[in-house]
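> In the UniProt record's numbering, the protein residues as written are 1 to 80. Even for Gly, the Cβ is constructed at its ideal location relative to N, Cα and C.
Below, the structure written as structure tokens:
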């Protein structure tokens, strides 16, 4: 499931949330700081939505659901 389009129409200073997260990460800020900043700048977002934006912007995952599903697969790969 790709939730990217869900957030693209939101803008702050002419940037979408993904661009803001990428800019923060490139300046050395942690993903946790990015979640907090996104939540501040987009108060309509729930905490889960802010986490999803950061997850999509910083990984190959396209939703928080996909990211969480991958967390269960990773330990299984360690056993192989």
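With 16 other CB atoms within 10 Å as the buried threshold, where does residue 49 fall?
In the chain shown, the residue the question calls residue 49 occupies position 49. Note on residue 49: 16 or more other CB atoms within 10 angstroms of its CB, so buried under the neighbour-count rule.
> By the 10 Å Cβ neighbour count, where 16 or more other Cβ atoms means buried, how is residue 34 classified, buried or exposed?
By one-based count along the chain shown, residue 34 stands at place 34. Under this definition residue 34 is a buried residue.
> From 29, 43 and 53, pick the residue whose C-alpha is nearest to that of residue 16; which is it?
As a position in the chain shown, residue 16 is number 16, starting the count at 1. Selected option, being the one with the closest Cα: 53.
> Under DSSP, the alpha helix (DSSP H) around residue 43 begins and ends at which residues?
Walking along the chain shown from the start, residue 43 turns up at place 43. First-last for residue 43: undefined, no H or E at that position.
> Could you name the residues of the same chain whose beta carbon sits closer than 6 angstroms to that of residue 41, not counting the 5 residues immediately before and after it, in chain order?
Locating residue 41 in the chain shown gives position 41, counting from the first residue. Contacts found: 12.
> In terms of DSSP beta bridges, what is residue 67 paired with?
By one-based count along the chain shown, residue 67 stands at place 67. Looking at the DSSP assignment, residue 67 forms no beta bridge with any residue, so it has no partner.
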